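There are 4 protein chains.
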Amino acid sequence: MSDFFNAIPQIKFEGPESQNELAYRFYDKDRMVLGKSMEDHLRFAACFWHTFCWPGSDVFGGGTFDRPWHRGPHDSAAAAMKREVAFEFFQKLDVPYYCFHDADVMADADNLTDHRRFFAEAVDHLEQLQASSGRKLLWGTANLFSHPRFAAGGATNPDPEVFAFGAVQVRDALEATHRLGGANYVLWGGREGYETLLNTDLKRELDNLGRFLSLVVEHKHKIGFKGTILIEPKPMEPTKHQYDFDTATVYGFLKRYGLENEVKVNIEANHATLASHTFEHEIATAAALSIFGSIDANRGDPQNGWDTDQFPNSVEELTLANLEIIRAGGFTTGGFNFDSKVRRQSMDPADLFHGHVGGIDVVAKGLLNAAALIEDGRLDQFKTERYAGWNGEFGEAIATRDLAGIADLAIERNIAPQPRSGGQERLENLINRFL
Amino acid sequence: MSDFFNAIPQIKFEGPESQNELAYRFYDKDRMVLGKSMEDHLRFAACFWHTFCWPGSDVFGGGTFDRPWHRGPHDSAAAAMKREVAFEFFQKLDVPYYCFHDADVMADADNLTDHRRFFAEAVDHLEQLQASSGRKLLWGTANLFSHPRFAAGGATNPDPEVFAFGAVQVRDALEATHRLGGANYVLWGGREGYETLLNTDLKRELDNLGRFLSLVVEHKHKIGFKGTILIEPKPMEPTKHQYDFDTATVYGFLKRYGLENEVKVNIEANHATLASHTFEHEIATAAALSIFGSIDANRGDPQNGWDTDQFPNSVEELTLANLEIIRAGGFTTGGFNFDSKVRRQSMDPADLFHGHVGGIDVVAKGLLNAAALIEDGRLDQFKTERYAGWNGEFGEAIATRDLAGIADLAIERNIAPQPRSGGQERLENLINRFL
Amino acid sequence: MSDFFNAIPQIKFEGPESQNELAYRFYDKDRMVLGKSMEDHLRFAACFWHTFCWPGSDVFGGGTFDRPWHRGPHDSAAAAMKREVAFEFFQKLDVPYYCFHDADVMADADNLTDHRRFFAEAVDHLEQLQASSGRKLLWGTANLFSHPRFAAGGATNPDPEVFAFGAVQVRDALEATHRLGGANYVLWGGREGYETLLNTDLKRELDNLGRFLSLVVEHKHKIGFKGTILIEPKPMEPTKHQYDFDTATVYGFLKRYGLENEVKVNIEANHATLASHTFEHEIATAAALSIFGSIDANRGDPQNGWDTDQFPNSVEELTLANLEIIRAGGFTTGGFNFDSKVRRQSMDPADLFHGHVGGIDVVAKGLLNAAALIEDGRLDQFKTERYAGWNGEFGEAIATRDLAGIADLAIERNIAPQPRSGGQERLENLINRFL
Amino acid sequence: MSDFFNAIPQIKFEGPESQNELAYRFYDKDRMVLGKSMEDHLRFAACFWHTFCWPGSDVFGGGTFDRPWHRGPHDSAAAAMKREVAFEFFQKLDVPYYCFHDADVMADADNLTDHRRFFAEAVDHLEQLQASSGRKLLWGTANLFSHPRFAAGGATNPDPEVFAFGAVQVRDALEATHRLGGANYVLWGGREGYETLLNTDLKRELDNLGRFLSLVVEHKHKIGFKGTILIEPKPMEPTKHQYDFDTATVYGFLKRYGLENEVKVNIEANHATLASHTFEHEIATAAALSIFGSIDANRGDPQNGWDTDQFPNSVEELTLANLEIIRAGGFTTGGFNFDSKVRRQSMDPADLFHGHVGGIDVVAKGLLNAAALIEDGRLDQFKTERYAGWNGEFGEAIATRDLAGIADLAIERNIAPQPRSGGQERLENLINRFL
């Protein structure tokens, strides 16, 4: 077993008053909340990419993290070391799940053959690590955006060979996810978009993306994978425009290709805000459209216009997000995956724990607050009363008429509807009582 | 006939070299472009609201425009004067079309009865004015957002009486549009959204909006209106979040309620940019999804985050927009409506002409440029070559296989696709040759 | 005495557990915090304009608030009623201070003579109301942006007569503020900016603005006003660009005209975020530049690009803001003025109380949290250690050398500085312990 | 001599009608415009970093450019090859100037000693290349942001050793710039800002930055460098907040440290728009404040919130920018440096030429248009008339009075200033005549 983090103790729940920086103050996995344990509500996962693959580089500078597996070429030995350290981390953090892209967990491959071989090695190892650590796979995915071959997209690439290369990766990653007992399979189309309309056949690219997704769904059924297929909306970056802009766009896309009952969304907080939505808006929209799947937990910087992927640190935001998740019926196959990265200056290995422990507690406190709001009932009561007219005589009368029938009824009654207070400030104050 | 603008000469085409500030330099309505007159391509309309109803106020200050019809109460006489001046303007500008909201053209009404009576008066007058001026109606609409009763929405209002009040207005406005020979009927849901999720039943509101739209479509068919029903996307403002966020969102909404063959979009440039899209993106998206309808021509300020509704003044932007419109097959029932307003400091009546004349010429020059680009062929040729692989042997081979079949073929051939230049800078330079 | 709010009880502190929606849970005015009462720390004020002048209109619709003083013309009687109701409100809310623009408190004037007469009437009445209610004036100001004469600016207007008209208003408002014992005098230049550079002489306008401010400062001294002159930064809206963009811009402006020791900033939260800064950034910057003056408490909507002026409701944000205020030494003449408005749908008079009570408690809780963080000491300790090198031998050695001397020392010692963790996630977790 | 670009012909002026994609259509270097050659007006430079150092990577993927000097370690041989290819490019493009960071032109160094040695080698070579190619240095700079040691800043680093390391680099780079006859020396503080206020001593960092700049200015004089010291404003990225936010902020900073007559700004178009300003606003502001220095020519994407550094392709934008430059008196030591990068998909070496040739022509056409506008005179005439009142009797009367004197004069004359049209639409139309 890896001992990279041997300076870090096992992370445990110690309660709100604990002065231990590396203990959970709110995440008490066995605590029952609205009839379910916190562990089952939140289904936390940590990820490979930001935590074990990213070297601390950005567009303006090189890596700042000194990790042994980054020191030489990313070969089979380095990849194995990385996998072991990752599982040491998952276990020490005591999150039940983890997530990966194919490229995250394997040695760097120059060609298709090596890609498949190195990935297969990695999957064998992951299977062992899962067994020995008791960790489970929340979702797997294939990286169709980092290698130069994907510069112009994966499934939306003008070159059909790239589409086919992607098909190899996705088939392998989907089958690996199935074998590893993954609860979901995710597609994030970082390059499925365009840089300029001048060289882009928008309709063809949308249709190719629709076809690719249909093929994946078909293959899922063929191999008997019972997990959920998820799409992760994002409006832009790295592309100028990404086709999966937001939840509402993805819904239209799914409807267009007849996939709205097959695919759900993996909502990322920072992607929501980049698309000019609140995090809770995206969850509520997905719930209303019956495509809510899973969460990538992080946050953006409201003053910066790129994907900062910071750890969630706002209980206020997470209370509202959890409220919408509870209202949506909670997770089925999904969970809270930390698609968050420590800042480039947070180069100590311990910083990985500070980020995750703080993030987990913020989400957990948000759940507790949201549950208390639900149990309190006043918030829901306000809403019920606000729409009560639709259950009254007039509301029911117009429910069965056509436009002319409704208009005639209104005229006959000479209606003069009066606006009523939406009570926004009162409700905001009410929320603040539960934070 | 009104003579409010008697200081302004009839606006005519005089050619690029004309030094007359109030002449068209590019809009030569009878000039044939790609087999169709410019008038038939562009189908220009001017609007009532910004040009004749808005007094030059903003959130921080009162009206700056001295217009006689604003001086007293907005009664029947004032409304009649406004209609006459508007038609004087449409005629002098020589745009074939105009557009209106019910509230724009009528006296202020305190109740349902007055609303219907004053609107009926207005429609009679509009019919006469159309006949005498030779102007036509591009579209009519009903204003379900200005009156306090609509503070919480029209079709999405928590109070069913407001829904019903809206039904009266929309039935009347749709029937008036039909009677006046309107080419389209528009719905812009300025308050169809929410201020806070805390008091909002998102799913119910979406369903009510879907039902309302279905009723309108049904009524259209019932009365035999052959024009197009249009929805105008906008992401936000006045609401925090508007349900018709952008074209892709509207598409999903239409699919959800089975209306995708009944309703199209009226795309506004400034709404596109508020939604983080380019104007041409929204047109191209609508075309790809077969819901392109009409245009509200204006522009926003890239540094300001609200709807500035300025007159279009970028030939660069309008060239790209016209290119997408031509590719979409051009307008059928739609057209270029100037949903643009002069600046609050542009209080001279002549400024209304400067704004429109400049805007019309910018759009017209954009059309000429776009047509030249199409005729040149190099831009399309680049795109054809970029996607040529899909028509080749490999592209066709993968078109009929399932995921495993494609993956197996890729492995068998040991493909190693190489990225190719997207040529963005070359194409941008090519565009610049045509401006 | 006015009894408009007779359905509302006097607002009092009842403690965190109180279930009374209209009581303070955290604002306990006599509680001592870091050696000073909460009242003296926070110096709360309510304002006239949003709360008593705005009718609930926006750019897309009319007023939704039914207030008796809005029902007819805004004459002397209506203005007097408004002033009385306002003081009833200030007293019931138990805020020690209030703020006004000249135009807020007086009847509408058509000309200079009436303006001066109506304002003088209003000031007499305010003096009586202050005496009878025990409320004090935090600051006064003159409105040089709402009337059409200010469409192109006040002090920056191309027309010198407008500059002079502004001088009349500002002299009168400054002298009234002096007479009423105001603690500060504010200038907010809503139209001091430009709509387009095409018609703007930027340098001349900056110089005119600098001169105007110099004249105001000179007059302040002449009349013996001991309060602080404040400028309120805002980046844009209503203008395309406002000259007082943010605190750093205002600082440069003050330095240019030699006023940096005479004028301070009134920082508004929503203006900070419109300028792409956090609220606390603007406070910290003002403190670093020795120009921190006062606060306009509100918040924007992170997804909307205009000035929403919502009530503060984030304890997280207000904790960080209070932290910077405490570090800056706290308010001297400044205070927390609620430049916040209830939503357009919050049309009940009680909503005005919900907004203010909630906002006051959020600010108060933020103060308590910030004080606890200061007393805890860990946050400051981290910072001290982070910069400790500057107090060490090397830091001191380079403090007295020139560039070559420093470079030579570095070479001589062959330094190889190692990056150290900035601990951002740990510090964010630490903050969360105090919320 | 390098022959990496041997497939590319020497780039020459061929006139607007040329169909050669790699010829100048507008940049005719010897053409006289307003009494000066285009070459002397525009003083074009190309840069090392984006064009020869960046491998085509982004945050989501690896390098896409196959350049021989990137294939192995970046040692002395690779660095020499890069320098030679760069000068081949500068010459073929026929730009008179180039720009570099120390790290761009030299082998990768692990320590201070190597840094100085490799840089010295590079400077010797650059001197030879300048002599043989006839190219000149527009500016040099030192990279204090890419290496991990600068993760927390250069001059603003909490660690004084990093400040000292930066002093070594800047002294060497400044002296090299002097030796190479550079016209300017630039400081861009990519990491001179903060990631979070929680760990930042804002005042100390500002003071350290001020001191560093003062030391640089002092050293410049000591060594007799006659070029201009330039600061390049940018609001954010890579940091959450950068201290040199925009031109107005830099002005205040310079005033604070008494450097406003010593340092000017290097304005980048994309940084202007990231700071919520137009490009021309930043130029006009710098001119008004007498700190206009040089230009980094590129553009951002109005829909994307990060620094895209695209080649300028809008003649509309460049016409307005050139107009402000001409009004500012034109460049003295500054010039138009292409801080622009081809898109990641533009991996052909020829794309580097397409980007620069198009960009140069856009800037050149902008100059021609701006000169024509100046010669036409109508734009300036409008502005002169708009402010004419300040030269009239009233304007002069108020120029010498104090606040009370002005107010009394206004009252005595009972002034009633009337707003006048700002003519924005007319002026925008006028501009469009010259594009």
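Protein chains in written order, with numbering that gives the first Met the number 0: chain H, 0 to 434; chain P, 0 to 434; chain G, 0 to 434; chain Y, 0 to 434. Positions of the beta carbon are idealized from the N, C-alpha and C atoms, including for glycine. Keep in mind the model is a prediction, meaning the values are calculated, not measured.
Excluding the five sequence neighbours on either side, which residues of its own chain have a C-beta within less than 7 Å of the C-beta of residue i, listed in chain order?
i, result
"lysine 135 of chain H", "Pro95, Tyr96, Gln129 and Gly180"
"glutamine 90 of chain Y", "Ser132 and Arg134"
How would you call residue i, buried or exposed, if buried means at least 16 neighbouring beta carbons within 10 angstroms?
i, result
"asparagine 183 of chain G", "buried"
"alanine 387 of chain P", "exposed"
"aspartate 29 of chain G", "exposed"
"methionine 105 of chain P", "buried"
"proline 418 of chain G", "buried"
"histidine 220 of chain Y", "exposed"
"alanine 141 of chain P", "buried"
"glutamine 380 of chain H", "exposed"
"glycine 328 of chain G", "exposed"
"alanine 398 of chain G", "exposed"
"serine 420 of chain P", "buried"
For residue i, which of helix, strand or coil comes out of DSSP?
i, result
"methionine 31 of chain P", "strand"
"valine 58 of chain P", "coil"
"isoleucine 290 of chain P", "coil"
"aspartate 245 of chain Y", "coil"
"aspartate 93 of chain G", "coil"
"tyrosine 435 of chain G", "There is simply no residue 435 of chain G to check, as chain G begins at 0 and stops at 434 in what is shown."
"glycine 304 of chain P", "strand"
"leucine 436 of chain G", "The question about residue 436 of chain G has no answer, for chain G in this structure spans 0 to 434."
"leucine 186 of chain H", "strand"
"lysine 11 of chain P", "coil"
What first and last residue would you give for the beta strand (DSSP E) that runs through residue i?
i, result
"lysine 225 of chain H", "Run containing lysine 225 of chain H: none; DSSP gives neither H nor E here."
"lysine 135 of chain P", "135-140"
"asparagine 413 of chain Y", "First-last for asparagine 413 of chain Y: undefined, no H or E at that position."
"phenylalanine 337 of chain P", "335-337"
Could you please give the first and the last residue of the uninterrupted alpha helix (DSSP H) stretch that includes residue i?
i, result
"serine 132 of chain P", "111-132"
Just to confirm, is the Cβ distance from residue i to residue j under 8 Å?
i, j, result
"phenylalanine 144 of chain G", "glycine 60 of chain P", "yes"
"proline 232 of chain H", "isoleucine 266 of chain H", "yes"
"aspartate 347 of chain Y", "aspartate 308 of chain Y", "no"
"leucine 41 of chain H", "leucine 366 of chain H", "yes"
Please work out which residues of its chain come closer than 8 Å, Cβ to Cβ, to residue i, disregarding the five sequence neighbours upstream and downstream, and give them in chain order.
i, result
"arginine 82 of chain Y", "Val104, Ala121, His124, Leu125 and Leu128"
"valine 216 of chain P", "Ile228, Leu258, Glu261 and Val262"
"tyrosine 242 of chain Y", "Thr155, Gly188, Glu191, Gly192, Glu204, Leu205, Leu208, Thr248 and Phe252"
Would you please verify whether the beta carbon of residue i is less than 8 Å from any beta carbon of chain A?
i, result
"leucine 41 of chain G", "The question asks about chain A, but that chain is absent: this structure's protein chains are H, P, G and Y."
For residue i, which residues of its own chain have a beta-carbon under 6 Å away from its beta-carbon, when the five flanking residues on both sides are left out?
i, result
"phenylalanine 211 of chain H", "Ala154"
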